[in-house]
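Asks: Sharing a structure with you now.
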């Protein structure tokens, strides 16, 4: 169809739906709104113009006629059926639609015939009648959709695997699609099976890499041309190098691919079934080979033919595709370097990981775990030093050199973080012993602590040496820092979450820590969020704290570092609190105090305890309004 004829049909579409493409651009900002009919019409109009503006006039013509028919059949092309003028307008629309349909049906049959003739030339359909091919109802829009997926979608990505030359579509003698699908869990076996031929033909092979998590298995479409190998894959790419092992619902990633790509994902069901019928194996590769023409439906074969031809056409656009490596090839590349290694500095590490609050997190790590870490910040990636990594990932990883380096970097830093976490880990017995010692220390320092917790109903903590730490708690009234709550008066003790000081046999009643005359169920509860507060309250050094609490912190005092399940967060910033299973939120220390003593001593609602973390001492008490 010529562009003017198609444009005339498009203008009729706008007349029927009641708005133009220009109107839509003015009113739409990032999405469509209105009724379902308006939404569908808006989306259809965008698709029509996208095809038209890319010179795909036949596609735009089909989309436009489909939109006209959808609206005519909906019987919602007018709001006032009783108006004479409206009825006349409606009859004209029906009449013009009838004329357009007469021309369209003739044209569409010829378009289908062209596509069927094109498909019939494929070796896939040697045993299929031409009438069956015509009945597939495939037209030029199917070709167009494949083009758009390759151009505008990140569902399929293209790489170079071998060679340095370009694929010149004008020099290609033939495009040969291999009638087989090859599935395995060993990426080295898969990639080594891709052959090259110096006959100026293009060969297309379909593979599936079977992942440990079956839903994350992915297709590899290998395109070979002389000594060049190009790879097109729907492999899910995670921001975090080991993201595949951390996803909570891997099926959601396959759903998106299945809905848009129409590749034969049901082969996964066959693999699962064959697994169930196969005796358990150890250290044996999974291997499944199917003949495409025996295994796939005619519809799927037709789609693959269209997709593969478009992939060849897309690759020939002379792009500089990023190179892919397997694990073995990656380490061979490193080995071939003049010094046999890649040395990554601290700045390299920083740029590789998520940058959210990076400096604040680094400071927190150094303050909390620095004395436990003797590892140099530089990372040397050597072929020999990473044999264990190759053994673990060599059969599974297929990615770019930079992504491999990022993966190895993550693994190295994660190993460093695990060693630190292991050093401050405590057993159940050590925790119980430390808990008992901590309670005794609070009893020994009860007099000094008493002056702090009885200074106000609510006591806040402010560190003059760490303004960043203070700001983590947000902004309060009139732009002043919202200072962390240290202590609070309670009517009742939360017996199941609190440490006791001055316990009594009857847990609902305890002796007042101040007057020692009355038994009470009221008291004061300290909220401890880090070892720094314990050092301040108990007036001791860090090493004098019980072992389990020397590296204690709650999530509230840690700077935000991003979503560690989705983002590539530095593992040093995700070292867990050593006693997190005992204190998932914070530590609560309960001092039983009768209401009479509280009323006698507490004269103000709130006060700020200003202290120095460097000197580990209290500077002063002041009003909250004084802290800016």
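In the working numbering, the protein residues as written are 1388 to 2015. The beta-carbon is built from N, C-alpha and C at its ideal position, and this holds for glycine as well. Note that the structure is a prediction, hence the values are computed from the model and not measured.
Hey, out of 1822, 1601, 1846, 1441, whose CA is closest to residue 1538's CA?
Replies: Here residue 1538 refers to the residue found at position 151 of the chain shown. Considering only alpha carbons, the answer is 1441.
Asks: Compare the Cα-Cα distances from residue 1609 to each of 1547, 1558, 1557, 1597 and report the closest residue.
Replies: Here residue 1609 is taken as the residue at index 222 of the chain shown, counted from 1. Minimum Cα distance to residue 1609 is reached at 1547.
Asks: Under DSSP, the alpha helix (DSSP H) around residue 1566 begins and ends at which residues?
Replies: Against the chain shown, residue 1566 aligns to sequence position 179. Not the alpha helix (DSSP H): residue 1566 falls in the beta strand (DSSP E), residues 1562-1571.
Asks: Could you give the uninterrupted runs of the beta strand (DSSP E) lying entirely in the stretch 1413-1456, keeping only those of 3 residues or more?
Replies: Those beta strand (DSSP E) runs which fall completely within the stretch 1413-1456 and span 3+ residues do not exist here.
Asks: Locate the alpha helix (DSSP H) running through residue 1998, then write down its first and last residues.
Replies: Locating residue 1998 in the chain shown gives position 611, where the first residue counts as 1. That residue, residue 1998, is in no alpha helix (DSSP H); its beta strand (DSSP E) goes 1993-1999.
Asks: Would you mind reading off the limits of the beta strand (DSSP E) that contains residue 1712?
Replies: Reading the chain shown from its first residue, position 325 is the one you call residue 1712. Looking at the DSSP string, the run of the beta strand (DSSP E) that includes residue 1712 is 1711-1713.
Asks: Pick from 1701, 1586, 1836, 1746: whose alpha carbon is nearest that of residue 1947?
Replies: Working through the chain shown from its first residue, we reach residue 1947 at position 560. Ranking the options by Cα distance to residue 1947, first place goes to 1746.
Asks: Which stretch, first to last residue, makes up the alpha helix (DSSP H) that contains residue 1736?
Replies: Numbered from 1 along the chain shown, position 349 holds the residue referred to as residue 1736. Segment 1733-1739, the alpha helix (DSSP H) holding residue 1736.
Asks: Taking the alpha carbon of residue 1673 as the reference point, which residue from 1929, 1688, 1611, 1596 has its own alpha carbon closest?
Replies: The residue labelled residue 1673 in the question sits at position 286 within the chain shown. When each option's Cα is compared against that of residue 1673, the closest is 1596.
Asks: State buried or exposed for residue 1622, treating a residue as buried only when at least 16 other CB atoms are found within 10 Å of its CB.
Replies: Stepping through the chain shown from its first residue, residue 1622 is reached at position 235. Label assigned to residue 1622: buried.
Asks: For the stretch 1963-1993, list the alpha helix (DSSP H) runs that are entirely contained and at least 4 residues long, ordered along the chain.
Replies: Counting whole runs of 4 or more residues, the stretch 1963-1993 contains the alpha helix (DSSP H) stretches 1982-1988.
Asks: Using the three-state DSSP reduction, which class does residue 1873 fall into: helix, strand or coil?
Replies: As a working note, residue 1873 is residue 486 in the chain shown. Low confidence applies here, because residue 1873 scores a pLDDT of 47, under 50, leaving its location unreliable; read the following figure in that light. Three-state result, residue 1873: strand.
Asks: Please report the distance separating the alpha-carbon of residue 1577 from that of residue 1535.
Replies: On the chain shown, residue 1577 is found 190 positions in, with the first residue counted as 1. On the chain shown, residue 1535 is found 148 positions in, with the first residue counted as 1. In a straight line, the C-alpha of residue 1577 is about 28 Å away from that of residue 1535.
Asks: How far does the alpha helix (DSSP H) with residue 1641 in it extend, from its first residue to its last?
Replies: Within the chain shown, residue 1641 is the residue found at index 254, counting from 1. First-last of the alpha helix (DSSP H) with residue 1641: 1638-1648.
Asks: What would DSSP say about residue 1922, mapped onto helix, strand or coil?
Replies: Within the chain shown, the letter at position 535 stands for residue 1922. DSSP places residue 1922 in helix when its eight states are reduced to three.
Asks: Using the rule of at least 16 other Cβ atoms within 10 Å of the residue's Cβ for burial, across every protein chain shown, is residue 1718 buried or exposed?
Replies: If you number the chain shown from 1, residue 1718 lands on position 331. That one is buried.
Asks: Looking at the unbroken alpha helix (DSSP H) that takes in residue 1400, where does it start and where does it end?
Replies: Walking along the chain shown from the start, residue 1400 turns up at place 13. Segment 1390-1404, the alpha helix (DSSP H) holding residue 1400.
Asks: Among the candidates 1607, 1601, 1554, whose CA atom is the shortest distance from the CA of residue 1585?
Replies: Walking along the chain shown from the start, residue 1585 turns up at place 198. Taking only the C-alpha atoms, the option nearest residue 1585 is 1554.
Asks: Quick check on the burial criterion: 16 or more other C-beta atoms within 10 angstroms. Buried or exposed for residue 1827?
Replies: Residue 1827 sits at position 440 when you count from the first residue of the chain shown. When all chains shown are included, residue 1827 counts as exposed.
Asks: State the Cα-Cα distance for the pair residue 1950 and residue 1996, rounded to the nearest angstrom.
Replies: As a working mapping, residue 1950 is identified with position 563 in the chain shown. As a working mapping, residue 1996 is identified with position 609 in the chain shown. Each residue's alpha carbon lies about 33 Å from the other.
Asks: Go ahead and label residue 1599 buried or exposed: buried means 16 or more other beta carbons lie within 10 angstroms of its beta carbon, across all protein chains shown.
Replies: Taking the first residue of the chain shown as 1, we reach residue 1599 at position 212. Exposed, since its Cβ has fewer than 16 Cβ neighbours within 10 Å.
Asks: Need the endpoints of the beta strand (DSSP E) that residue 2009 sits in, please.
Replies: Along the chain shown, read from residue 1 onward, the residue named residue 2009 stands at position 622. 2004-2009 is the span of the beta strand (DSSP E), which, as asked, contains residue 2009.
Asks: Is residue 1838 near residue 1919, with beta carbons less than 9 Å apart?
Replies: Taking the first residue of the chain shown as 1, we reach residue 1838 at position 451. Taking the first residue of the chain shown as 1, we reach residue 1919 at position 532. Contact: no.
Asks: Would you mind listing the beta strand (DSSP E) stretches within the stretch 1563-1638 that are 3+ residues and don't spill past its ends, in chain order?
Replies: Those beta strand (DSSP E) runs which fall completely within the stretch 1563-1638 and span 3+ residues are 1584-1596, 1605-1613, 1615-1620.
Asks: Return yes when the Cβ of residue 1557 is within less than 9 Å of the Cβ of residue 1587, no when it is not.
Replies: Within the chain shown, the letter at position 200 stands for residue 1587. Within the chain shown, the letter at position 170 stands for residue 1557. The answer is no: Cβ separation not under 9 Å.
Asks: Can you have a look at residue 1401 and say buried or exposed, based on whether 16 or more other CB atoms are within 10 angstroms of its CB?
Replies: To locate residue 1401, count along the chain shown from 1; it is residue 14. It counts as buried.
Asks: With DSSP collapsed to three states, give me the class of residue 1835.
Replies: Locating residue 1835 in the chain shown gives position 448, counting from the first residue. Note: residue 1835 maps to helix in three-state DSSP.
Asks: Can you tell me where the alpha helix (DSSP H) with residue 1680 in it begins and where it stops?
Replies: Position 293 of the chain shown, counting from 1, holds the residue named residue 1680. Its alpha helix (DSSP H) spans residues 1679-1682.
Asks: Measure the CB-CB distance between residue 1565 and residue 1591 and report whether it falls below 9 Å.
Replies: By 1-based counting over the chain shown, the position of residue 1565 is 178. By 1-based counting over the chain shown, the position of residue 1591 is 204. Yes; because the gap between Cβ atoms is below 9 Å, this pair is in contact.
Asks: According to DSSP, is residue 1910 part of a helix, a strand, or is it coil?
Replies: Here residue 1910 is taken as the residue at index 523 of the chain shown, counted from 1. In the structure shown, residue 1910 sits in a strand (DSSP, three-state: E or B).
Asks: Can you tell me whether residue 1865 is buried or exposed? The criterion is at least 16 other CB atoms within 10 Å of its CB, across all chains shown.
Replies: Your numbering for residue 1865 matches position 478 in the chain shown. Confidence in residue 1865 is poor, its pLDDT being 42 and thus under 50, which makes the residue's placement unreliable; the coordinate value appears in the next sentence. The residue is exposed, with fewer than 16 neighbouring Cβ atoms inside 10 Å.
Asks: Looking only at its own chain, which residues have a Cβ that is under 8 Å from the Cβ of residue 1817, when we skip the five neighbours before and after it?
Replies: Mapped onto the chain shown, residue 1817 falls at position 430. Cβ within range, chain order: 1934, 1935.
Asks: Using the C-alpha atoms, what's the distance from residue 1634 back to residue 1744?
Replies: The residue labelled residue 1744 in the question sits at position 357 within the chain shown. The residue labelled residue 1634 in the question sits at position 247 within the chain shown. Going by the C-alpha atoms only, they are around 24 Å apart.
Asks: Kindly indicate which three-state DSSP category residue 1897 falls into: helix, strand or coil?
Replies: Looking up residue 1897 in the chain shown gives position 510. Three-state DSSP puts residue 1897 in a strand.
Asks: Using CA coordinates, which residue listed in 1503, 1533, 1449, 1531 is at the minimum distance from residue 1519?
Replies: The residue you call residue 1519 lines up with position 132 of the chain shown. Of the candidates 1503, 1533, 1449, 1531, the one whose C-alpha sits nearest the C-alpha of residue 1519 is 1503.
Asks: Taking residue 1899 and residue 1811 to be in contact with their CB atoms under 8 Å, please state how far apart those CB atoms are, rounded to whole angstroms.
Replies: As a first step, residue 1899 is located in the chain shown; it is residue number 512 there, counting from the start. As a first step, residue 1811 is located in the chain shown; it is residue number 424 there, counting from the start. With 8 Å as the limit, residue 1899 and residue 1811 do not qualify as a contact, their Cβ atoms being about 37 Å apart.
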